[in-house]
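Quick note on numbering: the sequence shown equals residues 1 to 205 in my numbering. All C-beta atoms, glycine included, are put in the ideal place defined by N, C-alpha and C.
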Amino acid sequence: MDFRKSFLFSLLMLGLSAEALASETLYTHAFSPHALFVTGSGWTPELIRNEFKRVQEIYNQCQIRVDLQEIHEVTGSEERLSLLGQSDLEIVEELNIPNRPLVGFAGLIGVSYSHGDEFSPLSLQKALTNTSWLGWEIETQEYKKDRDPSYSPVAHELAHVLCNCGHVASGERNLLSGHAHDVNAVITPQQCETFRHSPLVRELK
Ligand SMILES: [Zn+2]
């Protein structure tokens, strides 16, 4: 092999190994969330895509691929920035996106929350079922300083929706724990199994 050929050969091998690395996680399942953000809340499509990168890293534990679909923008207003009253319901009705899960990013809403099918007492409105809502506060140091750096509140809210369950108070730190000091990125094998059986998750063949 002359120099030129061997150079090309090396490039080819580099290309192959990069591809091999990218497919290191063998996904067996997938789900396809849509996202929305309120104008003026601080959220941008780039920040949301970053949040979902972290979500993917966490769901790699279950070989579940997170196929983020569209990121929709919603006109902001004082009410919507803080999701006062029924703003979340108004937003989903206005956007009319039938796909679930739907993850909404708003301004300061005090806490992040999800509407499940059965687990959430808030889920009185069918349109809100399988939606998760996150406030800008999750980006702040104030919020992050009490929590494990591996933790993702977006992954946590999606977990509520995927398992259709509330908090897991097993005493062990995990993604679905209900306390700031107990949450981290760990998904138990049993939780993975539950997620895979969610009607929102499909098996890859
Ligand atoms: Zn929670």
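Measure from the alpha carbon of tyrosine 151 to the alpha carbon of each residue in Thr131, Arg54, Pro101, Ser120, then state which is nearest.
Arg54
Inter-stretch contact at 8 Å, needing at least 3 Cβ pairs: the region 68-85 / the region 159-174:
no
With DSSP as the reference, label isoleucine 109 as helix, strand or coil.
coil
Consult DSSP for asparagine 99 and reduce its assignment to one of helix, strand or coil.
coil
For the candidate residues Ser77, Ile64, Ala106, Glu142, whose alpha-carbon lies nearest to that of isoleucine 48?
Ala106
Just to confirm, is the Cβ distance from arginine 202 to histidine 29 under 8 Å?
yes
I'd like the span of the alpha helix (DSSP H) that includes alanine 159, first residue to last.
153-163
Taking 8 Å as the threshold (C-beta atoms), are leucine 36 and leucine 108 in contact?
no
What's the call for histidine 181, buried or exposed, on a 16-neighbour Cβ count within 10 Å?
exposed
Helix, strand or coil at leucine 204 according to DSSP, with G and I counted as helix
coil
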